[in-house]
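Residue numbers (our numbering): 1 to 292.
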Ligand SMILES: C[S@@+](CC[C@H](N)C(=O)[O-])C[C@H]1O[C@@H](n2cnc3c(N)ncnc32)[C@H](O)[C@@H]1O
């Protein structure tokens, strides 16, 4: 949902206005809200997202999910603040490449939401911007199965890049990739394969209201890297509402940006019945028998 009065301002990718090379592709967009002072802009949110953001963390979360729900036949997976779909597609790629198609079925369809309709349009397009670093991460974290998840059709990718997207083996690519680095810039997009893209269902929704639609049991709720954009009051309400909505068979996953930027977030979740159970990953589960 775009709020009335919200001003959308798409900042140019920094590769165009700086000499510095970006280290990731991803999607860089900043949205401001209008304030009563027409000259003052206030940050509403950023849509920044990357495939396999924060290194190994998505594969680690996926490992956690698979073992946590080993004996559960069906799990509900939600990704709130999904931006252009890089995050849910990373989860899906990691799940299927490491644990197989059957495991993928158990955790899908992934329901992915963002309150920003521009993000959902991007996600539904089935194209993702990709940099050489993201390409390498996909190869790494899917055990070399890039071609399984992307069909090689692309918008504006250089011929050289396209050439190696279609290679059967990715291992030569690591040696060659640096030669092509200059031709890979933010905004080049590759197409997701329908078979896997269709395992994610995208809709516009604000988690502050939509938490009511989350299944209380056997749900994994990704709510990553947007808590700093919420007001203190909104954060308190969200933590309380999620605490009441989710039972102890469900889990909540935050991001590094949330953990590093929101002081007291672990305490806030703790007050609402969540305990951190992921060692390096910010995974929270409900304390068994907790009541408000
Ligand atoms: C910085 S991006 C993070 C994207 C992705 N989760 C990741 O970790 O890469 C934050 C996203 O959260 C969305 N967002 C912010 N507040 C939200 C809310 N209350 N409900 C749903 N989406 C929200 C923004 O529109 C934006 O796309």
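Just so you know, even glycine gets a beta-carbon here, dropped at the ideal spot from N, CA and C.
Keep in mind it's a predicted model, so treat the numbers as computed, not measured.
Check your understanding: What number of angstroms, rounded off, separates the C-alpha of residue 216 from the C-alpha of residue 291?
Key -> Answer to the nearest angstrom: the Cα atoms are 14 Å apart.
Practice item. Compute every distance between the C-beta of residue 123 and the non-hydrogen atoms of ligand 1, then say whether any falls below 6 Å. Key: For residue 123, the CB stays at least 6 Å from every heavy atom of ligand 1.
Point to revise | Three CB pairs or more closer than 8 Å across the stretch 190 to 209 and the stretch 40 to 57 | key: The stretch 190 to 209, when compared against the stretch 40 to 57, does not touch it at the 8 Å Cβ threshold.
Review point. Excluding sequence positions up to five away, which residues of its chain have a Cβ less than 7 Å from the Cβ of residue 239?
Key: Here the set comprises 268, 269, 272.
Practice item. Classify residue 145 as helix, strand or coil using the three-state DSSP reduction. Key: Note: residue 145 maps to coil in three-state DSSP.
Check your understanding: Can we count residue 42 as close to ligand 1, meaning its CB is less than 6 Å from some heavy atom?
Key -> No.
Practice item. Have a look at residue 134 and residue 60 and give me their C-alpha separation to the nearest angstrom. Key: One Cα belongs to residue 134, the other to residue 60, and the distance between them is close to 17 Å.
**Study point:** Backbone secondary structure at residue 114 - three-state DSSP
**Key:** DSSP, reduced to helix, strand and coil, places residue 114 within a strand of the structure shown.
Practice item. Identify which residue in 227, 76, 241 has its Cα closest to the Cα of residue 263. Key: Nearest of 227, 76, 241 to residue 263, Cα basis: 227.
**Study point:** Contact between the stretch 95 to 114 and the stretch 247 to 266 (3+ Cβ pairs under 8 Å)
**Key:** Judged by Cβ distances under 8 Å, the stretch 95 to 114 makes no contact with the stretch 247 to 266, as fewer than three pairs qualify.
Practice item. Grab me the residues of residue 97's own chain with a C-beta within less than 6 Å of its C-beta, minus the 5 sequence neighbours each way, in chain order. Key: Same-chain partners within the cutoff: 142, 143, 145.
Practice item. Could I get the ranges of all uninterrupted beta strand (DSSP E) runs contained in the stretch 67 to 108, with 3 residues as the minimum, in chain order? Key: Listed in chain order, they are 76 to 80.
Review point. Can the beta-carbon of residue 206 be found less than 7 Å from the beta-carbon of residue 78?
Key: In this structure, the beta-carbon distance from residue 206 to residue 78 does not fall below 7 Å.
Check your understanding: For residue 83, is the classification buried or exposed, using 16 other Cβ atoms within 10 angstroms of its Cβ as the cut-off for buried?
Key -> Buried: at least 16 other Cβ atoms inside 10 Å.
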